[in-house]
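In what follows, a structure is listed as structure tokens, so that the remarks can point back to it.
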Amino acid sequence: MRYLPKSHAERQSMLREIGLTSIDDLFAPIPADFRVKGDLNLPRAFAESEIVDYFRQRSAENAAGYASFLGAGAYHHYRPVVIDSLISRGEFFTAYTPYQPELAQGTLQAIFEFQTMICELTGMEVANASMYDGSTATPETVMMAARVTGRHGAVVARSVHPEYREVLATYARHQGVPITAAGFLENGRVDLKALEQAVTDETACVLIQSPNFFGTIEDVGAAADIAHRKGALLVVMISEAVSLGIVQPPVAADIVGMEAQSFGVPVGFGGPYAGVIATKEKFVRQMPGRLVGETHDKNGKRAFCLTLTTREQHIRREKATSNICTNQALVALMATIFMTVYGREGLKELAKHNLSKAAYAAGEFGKKANVLFNGAPRFNEFVVQTNEDPKAINDRLLQKKIVGGLPLKKFYPEMGNAALWCCTEMSTRAQIEAVVKEVAQ
Amino acid sequence: MSPIRKATTHVNQNEGLIFEKSSPGKYAWKLPELDVPEVDPAKALGAAARNDLGNMPEVSEIEVIRHFTRLSTWNYGVDTGMYPLGSCTMKYNPRVNEVASRMEGLAGAHPYQPEKISQGALLIMKVLSKCLIEITGMDAVTLQPAAGAHGELTGILLIRAYLESKGNPRQKILIPDSAHGTNPATAAIAGYAVENLKSNAAGMVDIPSLVAQTNEDVAALMITNPNTLGVFEQEIAKIAEILHAKGALLYMDGANMNALVGKARPGDRGVDVMHMNLHKTFSTPHGGGGPGSGPVACKQILEPFLPVPVIVTRPNDTLAFDYDRPQSIGRVRAFYGNFGMHVRALAYIMANGPDGLRQTTEDAVLNANYIRKKLDGYYDLPYPTPSMHEVVFSDRLQMKNGIRTGDIAKRLIDYGFHPYTVSFPLIVHGALMIEPTESESREELDLLIDAMRSIAEECERDPKLVLEAPHTTRVSRLDEVTAARKPLLRWKPKQQPAAAD
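Residue numbers (the working numbering), protein chains in the order written: chain A, 12 to 452; chain B, 4 to 504.
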């Protein structure tokens, strides 16, 4: 096997030095009748060239080279090439959690920079080193709010990503966290009146998303007031991180849960992505996940290490803030490099391109179909209601190598033929016009 | 001559934080010409428009490259040398896996794109699932969990849903005292009380204690096999019987599957549900702390409860996601899990084949036992039970000179190695947990052995040398106490006036 650095003779001599005669002796602790006899029924060993061919075929079956108007929590943004150059450095890529800071200052400083940039962008005071993704960050924020407030319920906007809400439901069921849903208005925003009615003295948090699942930007301040009046926290989820380049950060929130995929991470059929949780300093000890802090070595030199680890499972076991151990470090590094490349001005400009493309597309769609949820600002997604089933439209678009918007009926049965469309800086005017033409037929 | 043969010093660049390199007007990006009318954010967004991105950096492309390249050189990875971090299985990460996962049709696939243009991705997930079922001897698998601990939660929720369907989810999970911290943390999130289970003198689950503690309140035992001492739980079949007799199930933490692949299948001996770590056993990169991937394999009785969606074959032979699963525990993650890791793990399995995987396991166990043999006597071996893929020593012999496992670990850095796992498992006082994996040549193993022997000798001759290690890294030992007492978790510009609060 080409990955194994030993000859037959070396194996034999090592065995002799251990005082054994055969490899089977090493497996003596496994009862004989439990040991596998012969080969498992698996594909035979492939040459590297065959592996490349195999996945090239799978890639082709997956139809590469399509223009896409899908967003909904996974966004096609351009990935600067330096990202893959840098994350492919073996010292990043083949290292693990920086438990030994003297040998991991590279990872640690990069995470510290990540935490800082997330704070700058979200308006929060502290951010963790990453969570698995936005969806799993959702229940973690709710459990965190429950620890902070000593309360249990959560009021969740229906305009939060439906799959984030499904993941929350899976966790909440066993945490004794009752979830109350709050609907949305004609302008696409959460129904603040319904929200207010749902919040009680037992509510740990109100959870909204902005831009929400329909692309609409919520009134974060108003939601915060409602939550805070009853002593609850406000959690704001962000699934389209590029929006932070041009949309006010949710500074009124107590906890921000985020999906950082938009920052240079491939859509990759849904993962790996990187979630993040950011919050106010006063809540940091209830925060899940790893944290990197600045300190100094014994010669006074600036250095970084994992810190506040007494929150974590390897120390606190069943009383930990979360069971999370391995997070998404390399993906967070991708995001850090992306944020560095675009930086203070580029992120703004990038977000403006997204805003402009979506505004243009919504305008064009509006000439031929019904664009829903007007009257509140949106970022790079919008909902279009057509007479025709959007699946039929999408089938026609596929012939032109275009992937159309996401039909919403699956998540919102009451929305009929509505579909969620997304434009990013990657969408061209020609593609947008081609799509709108199909809708008109 | 210096006893340090493997490592030497070399030029190492200093590098500040990226924010300290920033200056207005530098940039590393360029967008295409906007081909639609430019929207005025203030008009489009009103009060929601943002003007300033605070202290986000402004640097050029060469500075981005140099910055992160310099940072990378301060790290140690498997590519640099042996990384015997016990329980983490730091094996070689094959580069062809990276090529496979970056193919445009896979990396560029949107999770909501129509199934008819996702058949390649679905087939990869399906084939990987079949391989994992065969390797574990189980009946069904979900690839949705994003890491090992997430897999644990999924597995325990399957047990909970199954028991609920029988009328009573029960209250407790039994967890051996040698277990990873994720096990009790997971049980708590799944709404269970944790009851500790003692290990016996051999470092295995104590059967009389298990019998005494297993009753109708117990939902499951979470066992790691081989356990964190690297010891195979020989009574696994009996353990399963004891639990099953009381209606409880057996969960296996598969963190140590690198000792079993191709040699023994947990499903053949009573395990009901288990997770695997694709980033350990199946070579997907650890990436400085992730991404991982934690597929969960289970027996038929738990299959109806798997997270949605599951992959099915339609009558026309195409693959599809099935969401119509009324007994499912629901989703544990959006979309389908860390798909990019599924691609890499399948590429690894294909590169090995059944014989390669078996040889891999044999070499991993051979390497651990070789180290054990060569270091026995230099370091205390608290449990004489045979080792599988990792070996756990203690610092008992070095303690008399005031030297602890953490000190020996720091000195090992000077010898050019990443340290082993320090102070875990908790049942060994001052543990040194060494897992070489199959990726080490005899030459590299001998260098580690020489280094460890030399350090043992230094502990006698010059304890201060060990206590003050490392001596060769760009930073010496850190003040971690101050880091925790006065947490400084983000950079702020120096001249900024103190915050009002």
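From the three backbone atoms N, C-alpha and C, an ideal C-beta is built for every residue, glycine too. Keep in mind the model is a prediction, meaning the values are calculated, not measured.
Spell out the partners DSSP gives residue i in its beta bridges.
i, result
"MET353 of chain B", "Paired residue(s): none; MET353 of chain B is not in a bridge."
"SER202 of chain B", "B:VAL208"
"PHE393 of chain A", "A:TRP432"
"SER397 of chain B", "B:ASP383, B:ALA434"
"LYS175 of chain B", "B:ALA196, B:VAL221"
"SER79 of chain A", "A:VAL414"
"LEU317 of chain A", "A:VAL303"
"ALA115 of chain A", "B:ASN78"
Does any C-beta atom of chain B lie closer than 9 Å to the C-beta of residue i?
i, result
"ARG169 of chain A", "no"
"LEU248 of chain A", "Looking at the sequence itself, residue 248 of chain A is Met, so the reference to Leu does not match. No, because no Cβ of chain B sits closer than 9 Å to the Cβ of MET248 of chain A."
"GLU136 of chain A", "yes"
"LEU245 of chain A", "no"
"THR321 of chain A", "yes"
"GLN324 of chain A", "yes"
"PHE294 of chain A", "no"
"ILE219 of chain A", "no"
"ASN310 of chain A", "yes"
"GLU113 of chain A", "yes"
"ALA121 of chain A", "yes"
"LYS241 of chain A", "no"
"THR397 of chain A", "no"
"LEU196 of chain A", "no"
"ARG100 of chain A", "yes"
So, are the CB atoms of residue i and residue j less than 9 Å apart?
i, j, result
"GLY297 of chain B", "GLY194 of chain B", "no"
"ASN259 of chain B", "MET225 of chain B", "no"
"GLY359 of chain B", "TYR182 of chain A", "no"
"GLY2 of chain B", "ALA121 of chain A", "This structure leaves residue 2 of chain B out entirely; chain B is present only between 4 and 504."
"TYR353 of chain A", "LEU344 of chain A", "no"
"LEU206 of chain A", "VAL171 of chain A", "no"
"MET353 of chain B", "GLU61 of chain A", "yes"
"GLY184 of chain B", "ILE326 of chain A", "yes"
Taking CB distances under 9 Å as the criterion, tell me whether residue i reaches chain A.
i, result
"GLN16 of chain B", "no"
"PHE22 of chain B", "yes"
"MET141 of chain B", "no"
"HIS13 of chain B", "no"
"MET93 of chain B", "yes"
"HIS289 of chain B", "yes"
"GLY265 of chain B", "yes"
"ASP410 of chain B", "no"
"HIS278 of chain B", "no"
"ARG493 of chain B", "yes"
"ALA503 of chain B", "Summary for ALA503 of chain B: the model assigns pLDDT 46, below 50, so the residue's position carries little reliability, and this model does not support an answer."
"ILE192 of chain B", "yes"
"TYR418 of chain B", "no"
"HIS432 of chain B", "no"
"LYS119 of chain B", "yes"
"ILE314 of chain B", "no"
"PHE427 of chain B", "yes"
"PHE235 of chain B", "yes"
"GLY151 of chain B", "yes"
"GLN116 of chain B", "yes"
Write down the C-beta distance between residue i and residue j rounded to the nearest angstrom, noting that I regard them as a contact closer than 8 Å.
i, j, result
"LEU132 of chain A", "LEU56 of chain B", "7 Å"
"LEU378 of chain B", "ILE452 of chain B", "6 Å"
"SER221 of chain A", "VAL253 of chain A", "Incorrect: roughly 13 Å between the Cβ atoms, too far for contact."
"ASN100 of chain B", "SER390 of chain B", "Wrong, their Cβ atoms sit about 29 Å apart, outside the cutoff."
"SER181 of chain B", "ILE430 of chain B", "5 Å"
"VAL264 of chain B", "THR364 of chain B", "5 Å"
"ILE411 of chain B", "ILE458 of chain B", "6 Å"
"GLN330 of chain B", "ALA164 of chain B", "7 Å"
Under the criterion of a Cβ to heavy atom distance below 8 Å, does residue i qualify as lining the ligand MG?
i, result
"VAL278 of chain A", "Among the components modelled here there is no ligand, and therefore nothing to report on the ligand MG."
Problem set entry | Residues of the stretch 333-360 of chain B with Cβ closer than 8 Å to any Cβ of chain A, in chain order | GLY333, ARG334, VAL335, ARG336, ALA337, PHE338, TYR339, GLY340, ASN341, PHE342, GLY343, MET344, VAL346, ALA350, ILE352, MET353, ALA354, ASN355, GLY356, PRO357, ASP358, GLY359, LEU360
Exercise. Just by C-beta distance, which residues in the stretch 454-479 of chain B are closer than 8 Å to chain A?
Worked result: PRO473, THR476, ARG477, VAL478, SER479
Exercise. What residues in the stretch 56-72 of chain B bring their beta carbon closer than 8 Å to a beta carbon of chain A?
Worked result: LEU56, GLY57, ASN58, MET59, PRO60, GLU61, VAL62, GLU64, VAL67, ILE68, HIS70, PHE71, THR72
Exercise. Using a Cβ cut-off of 7 Å, which residues of the stretch 364-384 of chain A contact any Cβ in chain B, in chain order?
Worked result: HIS364, LEU366, SER367, LYS368, ALA370, TYR371
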